[in-house]
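Asker: Position one of the sequence shown corresponds to residue 165 (this note's numbering), numbered consecutively onward.
Encoded as structure tokens, here's the structure I'll be asking about.
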Amino acid sequence: MDATKLSYELINRFDKRVPRYTSYPTVPNWTEKFGPKDYISDLVTRSEFEDPLSIYVHIPFCIRRCLFCACTVLVTQRVDRPEKYLEYLKLEIDKTRDLLNSRDDVIQLHFGGGTPTHLTPEQLDDLLGHIYDRFSMNGNAEKSIELHPSVTSIEHMEVLKTYGFNRVSMGVQDFDLNVQEKLNRFQTYEETKLILDFARSNNFDGVNMDLIYGLPYQTTEGFEDTIDKTLILKPDRIALYSYAHLPNIIRHQSTIPLDVIPTGPNKLDLFLYAREKFLEDGYVPIGFDHFALPDDEISISVHEKTLRRNFMGFTTKAGTDMIAFGYSGISELHTAYAQNSKDMGEYETMIEKYGVATIKGYKLSDEDILRKQVIMDWLCLNEIDYTVLKEKYGSNSKKLIKISEDLFPNFQEIDFVEKTDNGWKATSMGRLFARVIASSFDEYYDASKHLFSRSV
């Protein structure tokens, strides 16, 4: 990629606030008119299918609040605080399992947060035992968990090993101790290596690491050191996220001075440096902000064009219904999204009353499904294939094909896309702005509303 073509004017032009498109339509377009009864009805309908399920379990607890974080969390240092939550979580699991009838095959299980290992090893063991009693784990299931190494013990890892977990994801963000101290996030290289070494020596299939570029107080020298340390550890997958500064939505970010946040070309330089180092070290680019070793399942899925995207990020488990359990969890069924309450009291009350805690959601139209396909293909595979669209959607695909034919020549002029025999594909430079290009197909996108992170 010729980064010299990225002029300040070009960066300014395309450094927009656009969705990350872990869903389409995106969450701001969902409605409270979609409630518990709608979600229950959809679950019952989907119970008639035999496709395996994906399950997401949200553990919201953290011992401290990281100032950069946009996740839905509850801060507590009490190990007994989760006990009541776990009882409601298990009740939600039981009620949902009943609605699914005989559909119990799970191809993907993921624990996210928050900090799942805020639970004690005993609490984690109890919850996993409950889930395994209610659902059948597919022999090819991916079982993964997000870990914070500073609160994860070898005892936690032993529990995960017992239940056949095969992938761990560590949110490093930045190894620079100054950045960690300023942002209230503490995690040493040594702690990270300890967990990684355990996973590898106990035959976990993969280790993921999350990094964030553009963090407040981040410096070129410090970030380069973080990249060097990451490459020494050699995780199987690396996510390189752009820091999203949204103090109007994420209130605790308002304490961060604006003059310590890398922006524009300075921020993009951090990404380009990391990207170059990862590619030099043999990693394969995945989507627009992920990298993986060539023999990793996700790299293979790009080659086979089966990579998809959902609220767990890029995934190889395409086309499965994803059922989320817990406070703030988001489920994705074939034609619907449903989000649980972010208020703990309301979550508990709704679980008691309905067995689910849906406070809003969205029912996709045929047009939504088509646009979702195009957006996800662009972000996952960096291409639009007219042949695939016509075969799958027939004449309904004409509108989306016309949009690309009208708009993409403009992107072609600035070397963001290339014409192919059957459509368009992104260039290396165009991948940097994949979300901006994808937003061309978003019927609901409103650039005037500052609801999303910047593309750079």
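In this text, a Cβ means the ideal position worked out from N, Cα and C, and glycines have one as well.
Given the structure is predicted, the values throughout are model-derived calculations rather than measurements.
In the structure shown, what three-state DSSP assignment does M593 receive?
Answerer: In the structure shown, M593 sits in a helix (DSSP, three-state: H, G or I).
Asker: Can you list, in chain order, the residues of its chain with a C-beta nearer than 7 angstroms to that of K393? Leave out the 5 residues immediately preceding and following it.
Answerer: These residues qualify, in order along the chain: F339 and Y353.
Asker: In terms of alpha-carbon separation, which member of E256, S187, E251 and Y557 lies closest to S603?
Answerer: Taking only the C-alpha atoms, the option nearest S603 is S187.
Asker: So for C235, helix, strand or coil by DSSP?
Answerer: Reduced to three states, the DSSP call for C235 is coil.
Asker: With a threshold of 7 angstroms on Cβ separation, who are the neighbours of F597 within its own chain once the five nearest residues in sequence on each side are excluded?
Answerer: Counting only Cβ-Cβ distances below 7 angstroms, and skipping sequence neighbours, we find F178, F580 and S619.
Asker: Please go through the stretch 353-405 and give each complete beta strand (DSSP E) segment of 3 or more residues, from N-terminal end onward.
Answerer: Segments of the beta strand (DSSP E) lying fully in the stretch 353-405: 370-377.
Asker: I want to know whether the stretch 409-426 touches the stretch 454-466 - three or more CB-CB distances under 8 angstroms.
Answerer: The answer is no - the stretch 454-466 does not touch the stretch 409-426, with fewer than three Cβ pairs under 8 angstroms.
Asker: Under 8 angstroms by Cβ, that's how I've got G490 and I223 pegged, so tell me the actual separation to the nearest angstrom.
Answerer: Confirmed, about 7 angstroms.
Asker: With a 10 Å radius around its C-beta and 16 neighbouring C-beta atoms as the bar for buried, classify N366 as buried or exposed.
Answerer: With fewer than 16 Cβ atoms within 10 Å of its Cβ, N366 is classed as exposed.
Asker: Hey, is the stretch 207-225 in contact with the stretch 269-289, meaning 3+ C-beta pairs nearer than 8 angstroms?
Answerer: Flag = yes, the stretch 207-225 and the stretch 269-289 touch.
Asker: Among I318, L347, D297 and I271, which has the Cα closest to the Cα of P650?
Answerer: This structure cannot settle anything about residue 650, because the visible part of the chain is limited to 165 through 620.
Asker: Have a look at F368, H312, V323 and S333 and flag the residue whose alpha-carbon is nearest the alpha-carbon of R349.
Answerer: Minimum Cα distance to R349 is reached at H312.
Asker: Cutting at 6 angstroms between CB atoms, please list the residues of its own chain near A126, excluding the five before and the five after it.
Answerer: The shown model of the chain, from 165 to 620, leaves out residue 126, and the question about it has no answer.
Asker: Tell me which residues share the same chain as T513 and place their Cβ nearer than 8 angstroms to its Cβ, disregarding the 5 neighbours each side in the sequence.
Answerer: Contacts found: none.
Asker: Would you kindly work out how many angstroms separate the C-alpha atoms of E461 and D369, rounded to a whole number?
Answerer: Each residue's Cα considered, the two are about 10 angstroms apart.
Asker: So, I359 versus T316, is the Cβ gap smaller than 8 angstroms?
Answerer: Contact: yes.
Asker: Please look up how many angstroms separate the CB atoms of R229 and V243, rounded, as I've assumed it's under 8 angstroms.
Answerer: 18 angstroms between Cβ atoms; not a contact.
Asker: Within 10 Å of its beta-carbon, does T168 have 16 or more other beta-carbons around it, so buried, or fewer, so exposed?
Answerer: Because the pLDDT at T168 is just 46, under 50, the model does not fix this residue reliably, and the point stays unresolved.
Asker: Please classify A611: is it buried, with 16 or more other beta-carbons within 10 angstroms of its beta-carbon, or exposed?
Answerer: A611 is exposed by the Cβ-count criterion.
Asker: With the cut-off set at 8 angstroms, would you say I487 and L217 are in Cβ contact?
Answerer: Contact flag set, yes.
Asker: To test your reading of the DSSP string, which unbroken alpha helix (DSSP H) runs of 4 or more residues are found completely within the stretch 322-349?
Answerer: Segments of the alpha helix (DSSP H) lying fully in the stretch 322-349: 341-347.
Asker: Let me check understanding here. Comparing Cα to Cα, which of E256, V448, K536 and D361 lies closest to V466?
Answerer: Among E256, V448, K536 and D361, the Cα nearest to that of V466 is on V448.
Asker: Contact defined as beta carbons within less than 8 angstroms: I believe I515 pairs with Q503. What is the distance between those atoms, to the nearest angstrom?
Answerer: Contact flag wrong, Cβ pair sits at about 14 angstroms.
Asker: For E196, I'd like the list of residues in its chain whose CB is within less than 8 angstroms of its CB, leaving aside the five on either flank, ordered along the chain.
Answerer: Only I523 and K524 meet the Cβ criterion.
Asker: Find the nearest neighbour of S536 within the set K506, Y501 and S505, judged by alpha-carbon distance.
Answerer: Reading off the sequence shown, one finds Lys at residue 536, where the question assumed Ser. Ranking the options by Cα distance to K536, first place goes to Y501.
Asker: Please list the terminal residues of the continuous beta strand (DSSP E) segment that includes I227.
Answerer: Unbroken run through I227: none, as it is neither H nor E.
Asker: What residue range does the beta strand (DSSP E) around E512 cover?
Answerer: Premise fails: E512 lies in the alpha helix (DSSP H), M508 to Y518, not in any beta strand (DSSP E).
Asker: Are L379 and V343 close, meaning C-beta to C-beta below 8 angstroms?
Answerer: Yes.
Asker: Quick check on M540: does DSSP put it in helix, strand or coil?
Answerer: DSSP places M540 in helix when its eight states are reduced to three.
Asker: I need the DSSP call for L264, collapsed to helix, strand or coil.
Answerer: Of the three classes helix, strand and coil, the one that applies to L264 here is coil, per DSSP.
Asker: In three-state terms, what does DSSP make of D485?
Answerer: Here D485 sits in coil by DSSP.
Asker: Starting from the Cα of P189, find the closest Cα among S617, E607, K613 and K554 and give me that residue.
Answerer: Answer by Cα proximity: E607.
Asker: For M165 and R599, I'd like the C-alpha separation in whole angstroms.
Answerer: For M165, the predicted structure reports a pLDDT of 49, less than 50, and the residue's modelled location is therefore unreliable. A value from the coordinates is still provided. Taking the straight line joining both Cα atoms gives about 18 angstroms.
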